[in-house]
Every structure is written in C-alpha cells, then in structure tokens.
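Beneath this line is the structure, given in structure tokens, with notes to follow.
Residue numbers (the working numbering): 611 to 1130.
Right under this line is the structure:
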C-alpha cells in the first residue's frame, strides 16, 4: 500500500488515561468477548501496511472508541487499543476518517490514545486501527475498531460579551452593530437586521426607514468557522424614532425689494435630508398667497411681510419656519417707459400740447401743471395751454405727475422754452394825421385819439404812445396827442408817430404824413 499522508490539522495524543479511567477501560476489555484470529487483518479496511503478518499475535478484545457519540469537530475522543496476546511487544495506531487514514502511524504506549476531530472529518465515520508488533519486528497483526457514526459539526462558539448597537436610532440615521466577544476565534462574521423576524438589511450598518418608525429592530450577529455550528447573538435596538427635520443649508430669509410690484422670494438653498414636499404661505395685509415667491401689492404698504415655510419628509419631524421681513413695504416706483414731450408754437397765443408719456406699470392718473419761470401758472392744469401775454419773453415748462395707488408719484418736468411775442397788430383804416387844434396859439394834434387807435388796431388793452419828430428826430418831451409848435419848428418837417403796444405782441408803429411848419 502507499504511504500514509500526515494532515496538517491533525491532533494526536498518546497520554495515558488516569488510574480510574484506565481501570474502567480494562474492565470493559475484560468483559468483551475474545475474537478468534482469522490469520489476516480486518478485511473491511486496507491494512496500513507493515513488515508482515504474524498469526501468533492475536487480539482477544478488538480496538474500540470509548468516547460515546455524538462525535463533533473539535472534540477530543479516546480510543482503546484492545487486549492482545502476550506475544505483542509494541503498538502503532492510525485514525481513519472514512476509508482514509488521517495521518502517519503513531506509537501507543498505554491502553488508550486520543484524537482531536478536525473539520476535514466532517460527515465521515471514524475508526482506530492498531498494529501489534512482536519482539521480532517482522511479526505484526492489525485490528480495527468498530466504525462510529459520522462526525457532526462542532459546538457553536459562545458569546462572552454581547454585541452592542450604537448610532442614531431615528429614521434616516445610521446604526452600527459591534462584533461582540466570542469563546473562540472565527473565520467569518455576518450581520442581519430584522423587523418582526423579517430581514430588512445586511451589513454592519443599517439606516432605519419609514417602516421602522416606532418599531424595535433586531441585529443578528453570526460567526462561522468551517466544521462548526454557527454562533448567533441577537441584540435589539431602541425604539426607532422619527428622523430629523429637513434642514436648509442657509438661514431662510425674505429676499427682494420691499416695494409694491416687486417680487419677494427665498434664497436658493439645499436641504438635508431632502424634503418630499415644501409649502410656502405668505401672510400680508394685501391678502398674501402661496408659492416660493410673492409679488407685493398696494395693500401691503406700511406693513411687514410674513412667510411660513413647511418642509415635510415621510418618517421625519416636520420643519416649520416663520420668517418676517426686515422692514415694512414701501410704495412702488413708476418707471418711465416713454418720455413726456411738448409740441406746438412757443408764442403768445399759440397752442402748446403735452404728451405725458407712459409708465410701467401704467399710471392710473396723470396731473399736468404749466410753469412760468419754474412757478405754477394759475389754472394751467390741462394738457394744452395757450401762452398768455404775461408769458412773453419768459421760459415755460410743464410738470407731469403720474400716480398709481401704492406707488410713489413719478414727476417729470419738461422744458418748453422761451415764449416769443405775437405779431404786431394790424392797422385798419386811415392812418393818423397832424391837424390844427388852435392855429392862433400854434397847437397841433393827432387826428385820432387813443380809443379810436385801439379800435382800429383791435387791441382794446393796448398802450398807445405818441412821439413827435422834427426832421426825423424825436422831440424830447413831446409824447402827448397834442403839440405846441415851437420856434425851433419853423420851417421844419414835423411828423407824428403812434406806437401801439398790445400785451404780448410786438409794438405797432404808425407814422402820420409829414407836415411843414410855416409862419405867415
């Protein structure tokens, strides 16, 4: 036969049993029925091999395994070498797992020997083979014990320190289970998380979900070693609570200009954990609203704005945040969309018109005020205006004010320019002449009085002035309708000039025909 192979995990002991165990063993051997020698080795298993057979050596009691069943991996069992004839001088032993020896032969110095079962022996029956050798080493005899039941798994390890669960026992938190301490080393460790006996997760860590809220979970720690039953330890979690409320990455504040028609909103933030739903409720004097933004209305002027943000995530605590604006709402601003402009003749009696332009949002009302030298002109509040005589030579402008409820008035002043005088009045009829009023006294006069002059020029409020000229030059102090001829006038050419100065109009100058002053 071939050589026997030594298994690396084999443990063998040849120590003698104590006095009491040995006595019990020998008593058992003495009571056994001697088996006659058949002149050959046990045919059930191959002979481990040896120098040769020796019929003179016989076993009156066959080898046996005295440790009772069951046989477990890791267990040390005891075998009895049996009772042999006096011709046996020494003994070699072999342990068999199934049909194969598990190692080389070993000397048996006493009645018993031991063997520690290895994982390789699992599910195999065990036997002890004993070879007796005479004084002549070539004379041997081999016998076998009865076959044991198959080897079963070794006893599970015992937990000496229970595993513990640490971490956040809330929905969305993280729980971690420790290994615990065991009575022997193990090759593999696994973890299982259970809810009401049903597996919900594996691995050392577990994140509770919504279905775990209000429940107690179990963490099962299982250690494994080849050939041994698993060691199992169960540990319970605290009752799983609701997860933390969603938290924004930045403080929630109301952003935007607190003015009518402006849009208010929250800053862009991220949430942890991410909410399933976020609701926004705006509370204002103008009625408020919902949604992530709010457009300020006129009714909000003078009041603060409140926003309630509610973040919800299933299985988590709800977060409700009340936010107030830093100040009160101010009136809005009307923005110019189109400029105001003035058209028309910039002359006394002309017609000026102002186009107020447009605003955004549109103005509900537009007020117009015409100005002279920057000061309001009484009753000049329409969009059209006819410059008056008082405007002649003066700079006009127009102030346009757009108003809308909830908004600051928007005022624009449009310059018009300097107003020119109207054309001089036209003369109708015969022009004035120089006539005698009193020849004796040498007094002359204008042929038309002021009233008639105003009538002929159509200027009832005009100022009429007279100027007497001698040889084309104005006579100093001669500014009345009558004139007393003087010594210097003899032989001169005398003429009357009438100046009609109507308000707001250029002056009208009308001269009489020239007369020559003669002295008889």
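Glycine included, C-beta positions come from ideal geometry on N, C-alpha and C.
What are the boundary residues of the beta strand (DSSP E) that residue i is part of?
i            : result
residue 799  : 798–805
residue 1028 : 1020–1028
residue 1067 : Where residue 1067 is concerned, there is no enclosing beta strand (DSSP E), although the alpha helix (DSSP H) it sits in stretches over 1060–1067.
residue 965  : 962–965
residue 950  : Here residue 950 belongs to no beta strand (DSSP E), and DSSP marks it neither H nor E.
residue 590  : Residue coverage of the chain in this structure runs from 611 to 1130, which leaves residue 590 outside it and unanswerable.
residue 681  : No beta strand (DSSP E) contains residue 681, which DSSP labels as neither H nor E.
residue 887  : 887–893
residue 1088 : It is not in any beta strand (DSSP E) - residue 1088 carries neither H nor E in the DSSP assignment.
residue 736  : 736–743
residue 916  : 916–922
residue 1007 : 1005–1013
Please state whether the Cβ-Cβ distance between residue i and residue j is less than 7 Å.
i            : j            : result
residue 1079 : residue 1105 : yes
residue 697  : residue 666  : yes
residue 842  : residue 832  : yes
residue 893  : residue 901  : no
residue 718  : residue 701  : yes
residue 1015 : residue 908  : yes
residue 862  : residue 816  : no
Residue range of the alpha helix (DSSP H) that residue i falls in?
i            : result
residue 1047 : Unbroken run through residue 1047 is the beta strand (DSSP E), 1044–1048; no alpha helix (DSSP H).
Among the options, which one has its Cα closest to the Cα of residue i?
i            : options                   : result
residue 877  : 891, 868, 945 and 860     : 860
residue 904  : 883, 834, 1065 and 869    : 869
residue 704  : 716, 760, 690 and 959     : 716
residue 1020 : 945, 1042, 982 and 1093   : 945
residue 1066 : 1112, 1083, 925 and 732   : 1112
residue 753  : 735, 674, 708 and 683     : 674
residue 911  : 919, 999 and 898          : 898
residue 1123 : 965, 938, 729 and 1056    : 1056
residue 1125 : 1087, 1082 and 807        : 1082
residue 1047 : 1003, 1092, 1022 and 1013 : 1092
residue 695  : 677, 688, 683 and 671     : 671
residue 1063 : 1053, 1076 and 1054       : 1076
Just how far apart, CA to CA, sit residue i and residue j?
i            : j            : result
residue 914  : residue 1017 : 17 Å
residue 724  : residue 750  : 22 Å
residue 639  : residue 828  : With a pLDDT of 33 at residue 639, under the threshold of 50, the predicted position of this residue should be treated as unreliable, and no value is reported.
residue 980  : residue 973  : 20 Å
residue 733  : residue 848  : 42 Å
residue 1103 : residue 1040 : 21 Å
residue 949  : residue 1013 : 15 Å
residue 1116 : residue 954  : 20 Å
residue 865  : residue 939  : 13 Å
residue 867  : residue 854  : 34 Å
residue 858  : residue 884  : 9 Å
residue 643  : residue 729  : Bear in mind that a pLDDT of 33 at residue 643, under 50, signals an unreliable position, so the model cannot answer this.
residue 684  : residue 773  : 25 Å
residue 844  : residue 775  : 11 Å
residue 1023 : residue 1008 : 6 Å
residue 1042 : residue 975  : 56 Å
residue 1110 : residue 1072 : 6 Å
residue 1119 : residue 978  : 39 Å
residue 1127 : residue 1099 : 6 Å
residue 741  : residue 794  : 36 Å
With respect to 6 Å, is the separation between the Cβ of residue i and the closest non-hydrogen atom of the ligand MG below this value?
i           : result
residue 719 : No copy of the ligand MG occurs in the structure displayed, which carries no ligand at all.
Worksheet item: Touch check for the region 816–824 and the region 750–769: three-plus C-beta pairs under 8 Å?
Response: Cβ pair count under 8 Å is below three, so no.
Fill in: the region 915–925 touching the region 981–998, judged by at least three CB pairs closer than 8 Å
By the Cβ rule, the region 915–925 does not count as touching the region 981–998, because fewer than three pairs are nearer than 8 Å.
Worksheet item: Is it a yes or a no for the region 954–973 touching the region 1025–1041, going by three-plus beta-carbon pairs under 8 Å?
Response: Yes, they touch.
Worksheet item: How do the region 917–931 and the region 777–797 stand: do at least 3 beta-carbon pairs fall below 8 Å, yes or no?
Response: At 8 Å Cβ cutoff, the stretches touch.
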